[in-house]
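Trainee: Below you'll find the structure I mean.
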Amino acid sequence: MKEKLIYQQDFINMSRQDLINQLSKRLSKRRFDHVMGVEKKAIELAKLYEVDIEKSSIVALMHDYAKEIDSEAMFTLAKEFWPDDRLADATEGIWHGFAAAQILKTDLACRDEEVIQAVAAHTTGWHQMTKLAKILYIADYTEEGRDFKGVNKVRKLSEVDLDKACLLKMRMTVKNLMKKQEYLFPLQIEVYNTWIKNYKANKVI
Ligand SMILES: [Fe+2]
Ligand SMILES: [Fe+2]
Numbered sequence: 005m006k007e008k009l010i011y012q013q014d015f016i017n018m019s020r021q022d023l024i025n026q027l028s029k030r031l032s033k034r035r036f037d038h039v040m041g042v043e044k045k046a047i048e049l050a051k052l053y054e055v056d057i058e059k060s061s062i063v064a065l066m067h068d069y070a071k072e073i074d075s076e077a078m079f080t081l082a083k084e085f086w087p088d089d090r091l092a093d094a095t096e097g098i099w100h101g102f103a104a105a106q107i108l109k110t111d112l113a114c115r116d117e118e119v120i121q122a123v124a125a126h127t128t129g130w131h132q133m134t135k136l137a138k139i140l141y142i143a144d145y146t147e148e149g150r151d152f153k154g155v156n157k158v159r160k161l162s163e164v165d166l167d168k169a170c171l172l173k174m175r176m177t178v179k180n181l182m183k184k185q186e187y188l189f190p191l192q193i194e195v196y197n198t199w200i201k202n203y204k205a206n207k208v209i
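Per our numbering, residue 5 is the first one in the sequence shown, and the count goes up by one each step.
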């Protein structure tokens, strides 16, 4: 970021710089770089779609906050946030979003439901996502460090149609999980079904 972003609102009990310092301690270099890339992309999209810049920065910096904690602790936090027995069948790929949302609520004293929901939903998507949640969902997938087949298609689409980009990501993610013979968390499928139903009915998502 060229100009230094300083949080002016009280969404969390930490400054942006303190949050970045925490991330550098908690995450590997590779994941830290990914998170900073997600913040950059999220802010770009926030400017394009007129979403709060500070909220976009917070959700981006927080989304993988719990990704490298011990698996048992991650599961416990995830279950506190999302008490669904089926979580036990899922993996860290699903748990870490809910766990980060729980940390946001507790350790960072966040009371902004939109921020909490966006972080929680970044792994599974959600039936009705706010623009903030959509921005994080896409920024996580398309930040500049991402390089996989189809990434440019999602990148380009997100500049003109955020909803279609989200739906494309959902489809690609489900396909990829199936290809790798991985468990599909039911919420992920339910969310995909909601989006595809809305898309077919030409409803605004
Ligand atoms: Fe993540
Ligand atoms: Fe991520």
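For every residue, glycine included, the Cβ atom is placed at its ideal position computed from N, Cα and C.
Predicted, not measured: the structure shown is a model, and the values here were computed from it.
1) Might you give, ordered along the chain, the residues of its own chain that have their beta carbon closer than 6 Å to the beta carbon of residue 81, omitting 5 neighbours on each side?
2) Whose beta carbon lies closer than 5 Å to any heavy atom of ligand 2, going through the chain in order?
3) Applying the criterion that 16 or more other CB atoms from any shown protein chain within 10 Å of the CB defines a buried residue, is residue 164 buried or exposed?
4) Relative to the C-alpha of residue 23, which candidate in 32, 177, 11, 44 has its C-alpha closest?
5) Could you pull out every residue in the same chain whose Cβ sits closer than 7 Å to the Cβ of residue 32, ignoring the five residues on either side in sequence?
6) Label residue 187 either buried or exposed according to how many other C-beta atoms from any shown protein chain fall within 10 Å of its C-beta, with 16 as the threshold for buried.
7) Using 8 Å as the cut-off, classify the Cβ of residue 211 as near or not near the heavy atoms of ligand 1, replying yes or no.
8) On the premise that residue 114 lies in contact with residue 141, defined as a C-beta separation below 8 Å, what is that separation, rounded to the nearest angstrom?
9) To the nearest angstrom, report how far apart residue 45 and residue 84 are at their CA atoms.
10) Taking the straight line between their C-alpha atoms, what separation do you get for residue 75 and residue 101?
11) Heavy atom of ligand 1 less than 8 Å from the Cβ of residue 224, yes or no?
12) Do the CB positions of residue 139 and residue 108 come within less than 9 Å of each other?
13) Are at least three pairs of beta-carbons, each pair with one atom in the region 146 to 154 and one in the region 124 to 138, less than 8 Å apart?
14) Quick one: give me the first and last residue of the alpha helix (DSSP H) that residue 119 is part of.
15) Judging by CA-CA distance, which residue of 38, 193, 65 is the nearest neighbour of residue 120?
16) Please determine if the region 36 to 53 and the region 12 to 19 are in contact, where contact requires at least 3 C-beta pairs separated by less than 8 Å.
17) Below 8 Å on the Cβ atoms is my guess for residue 196 versus residue 178; work out the distance and round it to an integer in Å.
Mentor: The answer reads as follows:
1) 103, 106
2) 68, 144
3) exposed
4) 11
5) 72
6) exposed
7) Look at the range of the chain in this structure, 5 to 209, and you will see that residue 211 is not part of it.
8) About 19 Å; that fails the 8 Å criterion.
9) 30 Å
10) 13 Å
11) Any property of residue 224 remains undetermined from this structure, which presents the chain solely from 5 to 209.
12) no
13) no
14) 117 to 124
15) 65
16) no
17) 6 Å
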